[in-house]
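Everything below concerns the one structure shown next.
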Amino acid sequence: MKTASDIILRPIISEQSTEHVDLKKYVFEVAPSANKIEIKKAIEDLFEVEVSKVTTLNMKGKAKRQGRYPTGKRKDWKKAVIRLTESSKTIEFFEGLM
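Residue numbers (our numbering): 291 to 388.
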């Protein structure tokens with residue numbers, strides 16, 4: 291059985307993701323094997339909020355040059371955009387970023 295901390299790996303903090311905090315949208319990197327139901331339960335358990343919608347995207351790793359010929363690649367990862375209900379409280383981790 292996966293725990294919530296196994297599913298939610300880290301928050302994604304970028305300029306684009308912080309613009310949507312006032313709309314109660316938050317972005318996280320999640321485990322590639324996690325589905326939307328598991329992600330929703332993990333967010334609700336970790337932050338004690340109500341999730342209304344989960345959108346997931348599989349992000350391809352970028353090509354990374356490591357010298358002259360051997361071209362490397364960053365790892366593929368999964369991104370989840372979480373939308374909270376209107377009655378839900380905000381996630382306190384993201385409050386100081388705006």
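All C-beta atoms, glycine included, are put in the ideal place defined by N, C-alpha and C.
Identity of the residue in the options nearest residue i by Cα
| i | options | result |
| --- | --- | --- |
| Thr346 | Lys326, Glu338, Lys363 and Ala353 | Lys326 |
| Glu376 | Lys314, Ser307 and Ala294 | Lys314 |
| Trp367 | Gly386, Pro360, Thr293 and Gly351 | Gly351 |
| Lys369 | Lys363, Phe383 and Tyr316 | Tyr316 |
| Ile372 | Met349, Asn348, Lys330 and Gly386 | Lys330 |
| Met349 | Pro322, His310 and Gln306 | Pro322 |
| Ala324 | Glu305, Val344 and His310 | Val344 |
Whole-number beta carbon distance between residue j and residue i, since they are thought to touch under 8 Å
| i | j | result |
| --- | --- | --- |
| Ile302 | Val320 | About 10 Å separates the two Cβ atoms, so there is no contact after all. |
| Lys292 | Glu328 | 7 Å |
DSSP state of residue i mapped onto helix, strand, coil
| i | result |
| --- | --- |
| Ser342 | strand |
| Thr308 | helix |
| Ala321 | coil |
Residue i: first and last residue of the uninterrupted alpha helix (DSSP H) it sits in
| i | result |
| --- | --- |
| Ile333 | Lys326 to Phe337 |
| Ile297 | Ala294 to Ile297 |
Own chain residues within Cβ distance below 8 Å of residue i, not counting five before or after
| i | result |
| --- | --- |
| Arg300 | Phe318 and Glu319 |
| Leu336 | Ala294, Ser295 and Ile298 |
Span of the beta strand (DSSP E) around residue i
| i | result |
| --- | --- |
| Glu353 | As written in the sequence, residue 353 is Ala, which differs from the Glu given in the question. Here the beta strand (DSSP E) through Ala353 covers Ala353 to Arg355. |
| Gly362 | Thr361 to Lys363 |
Cut-off 6 Å between Cβ atoms - residues of its own chain near residue i, not counting five sequence neighbours on either side
| i | result |
| --- | --- |
| Gly362 | Lys354 and Gln356 |
7 Å CB neighbourhood of residue i in its chain, flanking five on each side removed
| i | result |
| --- | --- |
| Leu374 | Lys314, Val339, Glu340, Val341 and Ser342 |
| Lys379 | Val339 |
| Arg364 | Gly351, Lys352 and Lys354 |
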